[in-house]
Every structure is written in structure tokens, then in C-alpha cells.
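In UniProt numbering, the protein residues as written are 1 to 272.
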């Protein structure tokens with residue numbers, strides 16, 4: 001979580017207009033905070049938007065409850081504005097724009113700029129966009145007569161993305177001959193490696209995306225050790241572990257980890 005100072009300053013600027021300074025209580029151990037917003041209208045708009053940013057840190061906002069849930073919501077979509085160019089005049093209606101907005105996500109609303117046809121070239125629509133899919137920059141509409149209409153799409157704001165990604169998948173049990181096609185289907189364009197050389201079931205798979213660089217150093221039935229280099233040129237050694245629950249195999253695992261640590265500064269993560 002960011003320091004208290006930037007959080008207080010940004011939220012007071014955005015949400016404290018028309019009232020005294022907000023009352024903010026940080027809860028670092030819960031990675032959360034309580035914020036009192038006295039203005040009813042501003043509070044309703046804050047809750048409606050749900051996702052807010054301070055710098056590049058995202059905050060999920062919900063109504064305070066005396067019995068809050070301990071689980072965090074799964075965020076798979078986000079409301080954002082899309083600017084559509086090339087929309088025909090006969091589709092500049094509520095129903096027409098809802099249809100066009102479907103190129104991006106679930107339509108929510110438009111603004112007065114668009115309702116008043118302030119521009120003949122661009123229309124603004126707010127949509128609930130799927131975070132699991134790339135945002136389209138263009139789309140096609142097909143009329144009943146077969147005419148194809150090209151629509152260009154841009155976004156005044158999109159959520160920031162991490163510049164580097166990698167993860168380890170455990171207990172996969174995917175045959176080596178099936179792995180390539182599965183990765184292409186689920187993570188097209190990503191690189192991958194596995195411990196199939198030590199286990200026929202491929203219990204551990206590591207996938208990564210450019211510009212992360214990964215080099216396999218060692219592998220066994222229970223571990224897969226890699227040298228990982230991030231875009232900042234910072235490197236570290238990572239061992240993905242999927243342990244077997246027998247005394248003999250677990251003893252071998254600890255011996256393997258001790259041997260690896262003799263050579264590398266080790267970051268072991270996984271299922272023990």
C-alpha cells in the first residue's frame with residue numbers, strides 16, 4: 001500500500017470537494033482503509049465507479065458493512081469510456097449506440113456530448129469491459145443488407161498493466177505432446193517450460209510473457225529452478241515446488257533445495 005500522505009492528498013482532492021477533509025483510517029494488516037465521505041452525491045458516485053487509482057495502485061471500493069467479508073472480490077471487468085469513430089448517423093440513437101458499444105463490452109451509458117451530437121465524428125459510450133480480453137481498437141458492424149461498417153475505437157483512459165508477467169502452474173498432469181497446443185489456446189504468444197524431462201505428467205509448468213526472460217537451471221520431479229530476468233535487468237533464481245507427500249520423496253526434496261542453495265540465492269514457492 002502507498003504511504004498515508006499520497007493516499008490522503010489524492011482522495012481529499014477527488015472526494016473531499018464541498019466538505020471538510022475526509023476522515024481516513026488505514027488498516028495495513030487488512031490491506032484496506034475506511035473513508036468517511038459526508039457528501040451523499042459524491043459517495044454514491046464513488047461506489048458506482050467501484051475501482052479507483054492512486055498512482056498505479058488500484059483500490060476496490062464498496063459500502064462499509066459492520067460484518068465485512070474477509071474475501072476479496074474477483075475483478076474480471078471494469079467500467080471505462082470508449083470513443084467510437086465511424087458510427088453512421090442512423091445508429092446515433094440509444095439502441096444503436098448500445099449495439100455498437102457491444103464491440104467493446106456491456107453498454108452502460110453515454111454522455112451529454114454524445115446525446116447532443118456535439119461531434120459528427122466521435123461518440124462516447126461507457127461500457128463494462130472484460131479485463132480478461134484485449135481491448136479492441138477497431139471493429140466491424142454488418143448491416144442486414146450485408147454492408148460492412150468499420151468502427152475505430154480508442155480510450156481516454158485504460159487501467160495500467162504490469163510490464164512483466166510470469167507464473168508457475170502446479171499439479172497440471174498434462175502430457176508433453178498436448179502442452180504446446182494448450183498453451184497456444186490459453187496464452188497465445190507466451191513462452192513456457194515444464195519439468196516433463198523429470199516427470200512424465202509434467203507436474204510443474206512455468207509460463208512467461210515478453211519482456212521477461214527465463215532460463216531453466218535445474219529440474220526434478222518436485223522442482224523446476226529457473227533464472228528470471230526482469231525488464232529492469234534485475235535477476236533472481238526462482239524454484240517452483242510441487243512436493244510429494246512421502247517421507248523419502250520429501251527428504252529428497254529438501255536435499256535438492258539445499259544443493260541448489262549452495263549455488264544460487266533461492267526464492268522457493270509452491271505447494272508443500
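Yeah, the Cβ is synthetic: ideal placement off N, Cα and C, and Gly gets one too. None of the values given here were measured: they were computed from a predicted structure.
As assigned by DSSP and simplified to three states, the class of residue i
i: residue 242; result: strand
i: residue 147; result: coil
i: residue 111; result: coil
i: residue 13; result: helix
i: residue 29; result: helix
i: residue 254; result: helix
i: residue 264; result: coil
i: residue 47; result: helix
i: residue 22; result: coil
i: residue 94; result: helix
i: residue 200; result: coil
i: residue 155; result: coil
i: residue 259; result: helix
i: residue 7; result: helix
i: residue 100; result: helix
i: residue 35; result: strand
i: residue 75; result: coil
Cβ separation of residue i and residue j, assumed to be a contact under 8 angstroms, to the nearest whole Å
i: residue 126; j: residue 108; result: 4 angstroms
i: residue 204; j: residue 192; result: Not confirmed; about 11 angstroms, so no contact.
i: residue 267; j: residue 246; result: With 8 angstroms as the limit, residue 267 and residue 246 do not qualify as a contact, their Cβ atoms being about 25 angstroms apart.
i: residue 103; j: residue 61; result: With a Cβ gap of about 28 angstroms, residue 103 and residue 61 do not count as contacting.
i: residue 86; j: residue 149; result: 7 angstroms
i: residue 198; j: residue 243; result: Wrong, their Cβ atoms sit about 14 angstroms apart, outside the cutoff.
i: residue 235; j: residue 227; result: 6 angstroms
Buried or exposed (CB count within 10 angstroms, at least 16 for buried), residue i
i: residue 114; result: buried
i: residue 256; result: buried
i: residue 105; result: buried
i: residue 15; result: buried
i: residue 146; result: exposed
i: residue 195; result: buried
i: residue 207; result: buried
i: residue 232; result: exposed
i: residue 117; result: exposed
i: residue 269; result: exposed
i: residue 84; result: buried
i: residue 53; result: exposed
i: residue 82; result: buried
i: residue 273; result: Absent from the model: residue 273. The displayed extent of the chain is 1 to 272, so no value can be given.
i: residue 11; result: buried
i: residue 47; result: exposed
i: residue 110; result: buried
i: residue 253; result: buried
i: residue 225; result: buried
Candidates the options: closest to residue i by CA position
i: residue 77; options: 130, 10 and 208; result: 130
i: residue 216; options: 251, 184 and 264; result: 264
i: residue 124; options: 148, 149, 140 and 157; result: 157
i: residue 173; options: 222, 209, 152 and 185; result: 222
i: residue 230; options: 249, 210 and 219; result: 210
i: residue 259; options: 220, 232, 242 and 244; result: 220
i: residue 138; options: 155, 144 and 128; result: 155
i: residue 25; options: 41, 8 and 94; result: 8
i: residue 121; options: 94, 36, 153 and 200; result: 153
i: residue 143; options: 224, 12, 96 and 75; result: 96
i: residue 80; options: 51, 225 and 42; result: 51
i: residue 35; options: 184, 64, 253 and 251; result: 64
i: residue 39; options: 28, 17, 110 and 49; result: 17
i: residue 261; options: 218, 214 and 234; result: 218
i: residue 33; options: 59, 55, 45 and 42; result: 59
i: residue 179; options: 200, 159 and 160; result: 200
i: residue 55; options: 5, 45, 100 and 92; result: 5
i: residue 119; options: 67, 101, 92 and 136; result: 92
Beta strand (DSSP E) runs contained entirely in the stretch 207 to 239, provided each spans 3 or more residues: 213 to 219 and 223 to 229
Secondary structure, beta strand (DSSP E): runs of 3+ residues fully inside the stretch 168 to 195: 191 to 194
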